[in-house]
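Per the working numbering: the sequence shown = residues 2 to 721.
The beta carbon of each residue, even a glycine, is placed where N, CA and C say it ideally should be.
A quick write-up on the structure given underneath.
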Amino acid sequence: MTKEGTVLDGKYEILKEIGRGGMSIVYLARDNRLNKQWAVKEMKNDGTKTRDTLLKGLEREANILKDVDHPVLPRIVDIINSRGTIYVVMDFIEGTNIAEILKEKGAQPQEKVIEWGRQLASALDYLHSMNPPIIYRDMKPSNVMLKPEGGVKLIDFGTAKEYTIENNADTTALGTRGYAAPEQFGDAQGRGIYKTDARTDIYNLGATMYHMVTGKNPCEPPYEMKPIRQWNPALSTGLEKIILKCTQPDPNDRYQSCSELLYALDHYTELDDSFRKKNKKKLALFITSAVLTVVGGVAAIVGYSGIKRLRMENYVELVNSGNEAYEDGNYKAASNYYKDAMNLDVDSSDAYLRMLDMYVKVDSKYTGEGEPELDLASGLSAIEAKIKDPSRKVNADVIYQVAYRYFVMEQWGAAANYFRMIDDSDDEHYSKNYDSYSKSAKYLGEVAAALDTGITDARGLYINLNDFYNYNKGLSNTNDQKFTNYILMLKCFTRIMDDIDDDSIANVSVIVGQAEEDLNDSENSAEFQYDMTNYAATIYQKIAERMQAAEDAAGTAHDASDDYFNLAIERSVAMLELISAKTDEDGKEIDLTSDSTNSNIKDIQSAYQSQICSIASMYVRMGDYDNAFAYYKLGENHLSTSSTAIAKVYAAHLTDLFAYYGDISGYTDSQKKKIKELYDEAVKRVPNISSLSNSWKTLKVKVNNLDNNASGSGSGKEGK
């Protein structure tokens, strides 16, 4: 972090911090020579792959913007590289991002949306006309700033790219689900169908205008955009047609350039049905008789389409009602809503997964006292009955997702049963998905069945997993199934590391390395990076601990174990960055210091604490207490003072400080003082720490007993 008052390059004085992300900090700065304010984005390169990737994105943003000259696009005026830290000096944009406006006020007036659409289309048209053309690829409300005077400004060019005519398969998952065009995600096998080009930006802008004018977020299930007049019949039919054309799945069916889109927005009233009716009145009179002959057929088609649309609307409404009831703690009502949704649409997985998650989460909080709020067994039985009902023909996608969810939750028996349903099925209803799922389901079903026995045969389970790995590594790196499989595989390896031989341990290390290498070569790596990094850290730590025990038994140095501890620490540090970069449903970064009772924020705080304590414990195992205490301090500075997470960090910190100083009877006055200072700091900052940490009462007794022990010469250590 750069201190206020720091002057960069002899002229840019840092005034204050105005924004912070997981990987970068944005400051308000003043050019002391020109007396002008700028925004300065800072990112430090710590040498990790995660940071290096993001630095490339930042540099890409800077290099793109330094050549632009358009009122909707921010300017880059300077790029400073100082001792491994990159500073990008750019326009300071006052205003509010439109995502926040939509969250607070909902749908925006049609005329405003059309004007914003014109301005954004003009900016995209400018980028597309550059040599080479620039494709933005991440248009969404949170990347559009509304300035005080009413104009808009486009921000965040980290995913933009120069378009090259020769590139026929540059498809990547860059972009935001709901706003991203289909070609940004490829086909069902993860292969790109079209390259991203100007028409990709047109789709993104159409989805953004849809959200702005309806207030409906396309990022939320079921990730579809209905005609806007279904939400508000008063909206222009012309605008509805424009948005529908922008968001066609096939790029060839969209506007082919932003200049075409601009023309349409300038003349949207001419596309209105009322305008067209006036100009076709004579023709309408002439063909009345012809229309009457086919009106019955048309009505039948419209009727069927309307019923289908109404069914989907009702399904979404039922799932949303279930979600609201769950959040309000009305679990039985939520369960009924989810069941009704399952009955309405057997091919959509959302209701199954929401109900499954609810039952498991509520059950995990049951203490055993009194009546449970939900009976897990009955909930699982209800889901199973609906899936196995032969009259329903639930498709393989739903079954696979349910099986996968059971697997992640370690409900091994249920996971094995559902994977087996896919593996055993030869029903033609599954034919479309069978090839995609059957082989993976076969391996995962066998692994889940083995885990369900309580790992009585760790060697046999290892062989199953190794066979699965040999199959999986042959899949293309463009196939997302490959990385889902890797993640499940690594999860299983974490459970058997203590029960397999040294040769198998060495091979697990090879498998982790191959999985990470394949993911780095994939353009869709961001989607899987979190879980992959998390499991890799756990596996490397387990290998290190096992090696260290062997080294201690042999009386040899800790060279090999330290190497693996460092591999684990590198990945855990990357996890801290990934956790810090997590965002809420509106794309806003989550504040780890928040006192919110939101369960999602609490889970993220807990994940951050877990990584902090894991890193510190590994440094302790290596005898590096300075780094251990430094990471504890990092956690204490970045977590909410009312959270269980910060209480656990303080408890672990104090425990290790006691261990560092050795025998309590020999503590020096200075050592006692440092322990009391840490204890007092924790109690002052976290007043209810005793109720948040199970070990704090024991630590309190130890601290209070310090004065009962005479001061000694101590260990000579004065750690923090």
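How big is the Cα-Cα spacing for residue i and residue j?
i	j	result
A558	E552	7 angstroms
D670	S691	26 angstroms
K685	A648	12 angstroms
L727	D563	Residue 727 is absent from the structure shown; the chain starts at 2 and stops at 721.
I215	N567	The sequence shown places Thr at residue 215, not Ile. Each residue's alpha carbon lies about 50 angstroms from the other.
E271	I244	15 angstroms
N82	Y88	6 angstroms
Y541	S615	12 angstroms
I203	N36	39 angstroms
T642	Y565	33 angstroms
Y13	E571	34 angstroms
R138	T201	7 angstroms
L9	I15	8 angstroms
T1	K634	Past the boundaries of the shown model lies residue 1; the chain is included only from 2 to 721, so the question cannot be answered.
D592	K474	38 angstroms
T457	G446	17 angstroms
K196	N480	17 angstroms
S130	G330	53 angstroms
T165	I136	Model confidence at T165 stands at a pLDDT of 43, short of 50, so the residue's coordinates are unreliable; what they give is reported in the following sentence. Each residue's Cα considered, the two are about 10 angstroms apart.
D657	A646	17 angstroms
E328	S322	10 angstroms
Q190	K17	Here Q190 scores only 43 on pLDDT, less than 50, and its place in the model is too uncertain to base an answer on.
D188	Y256	Caution is warranted here: a pLDDT of 48 is assigned to D188, below 50, making its placement in the model unreliable, and the coordinate value is therefore given only provisionally. One C-alpha to the other measures close to 22 angstroms.
V702	A653	15 angstroms
A342	Y316	5 angstroms
S573	A538	6 angstroms
Y419	Q185	31 angstroms
L520	V399	26 angstroms
P688	D604	21 angstroms
I288	S237	Because I288 carries a pLDDT of 31, less than 50, the predicted location of this residue cannot be relied on, and the following value inherits that uncertainty. Going from the Cα of I288 to the Cα of S237 covers about 26 angstroms.
A265	Q231	21 angstroms
List the DSSP bridge partners of residue i.
i	result
L9	Y13
K543	The partner list for K543 (beta bridge, DSSP) is empty, contrary to what the question assumes.
W39	A30 and D92
V145	L155
N98	M146
E590	T584
Under the three-state reduction of DSSP, which class applies to residue i: helix, strand or coil?
i	result
Q20	Looking at the sequence shown, residue 20 is not Gln but Gly. Three-state result, G20: strand.
V704	helix
Y28	strand
K106	helix
L284	Caution is warranted here: a pLDDT of 34 is assigned to L284, below 50, making its placement in the model unreliable, and the coordinate value is therefore given only provisionally. In the structure shown, L284 sits in a helix (DSSP, three-state: H, G or I).
T485	helix
T270	helix
S410	Rather than Ser, the amino acid found at residue 410 in this sequence is Met. It is coil, neither helix nor strand.
D604	helix
H559	coil
D351	helix
P228	coil
N689	coil
L262	helix
Of all Cβ atoms in chain C, is any one closer than 8 angstroms to the Cβ of residue i?
i	result
N253	Of the protein chains in this structure there is only one, and it is not chain C.
Taking the continuous beta strand (DSSP E) assigned at residue i, which residues delimit it?
i	result
D79	I77 to S83
L155	V153 to L155
If residue i and residue j are in contact, beta carbons under 8 angstroms, what's the gap, nearest whole angstrom?
i	j	result
L707	K673	5 angstroms
Y536	T495	6 angstroms
G179	N218	7 angstroms
C259	A199	7 angstroms
Locate the alpha helix (DSSP H) running through residue i, then write down its first and last residues.
i	result
L35	No alpha helix (DSSP H) holds L35; DSSP gives it neither H nor E.
T201	A199 to T215
C220	Neither: C220 is in no alpha helix (DSSP H) and is coded neither H nor E.
E112	Q111 to H129
S510	D503 to N521
G239	T238 to C247
F186	Segment: none, F186 is in no alpha helix (DSSP H) and carries neither H nor E.
E682	D670 to R686
I456	Where I456 is concerned, there is no enclosing alpha helix (DSSP H), given that its DSSP letter is neither H nor E.
P637	According to the sequence shown, residue 637 is Glu rather than Pro. Y626 to H639 is the span of the alpha helix (DSSP H), which, as asked, contains E637.
S336	Y332 to L345
Is the closest heavy atom of the ligand MN to the C-beta of residue i under 7 angstroms?
i	result
K362	As presented, the structure is devoid of all ligands, the ligand MN included, so that no description of it is given.
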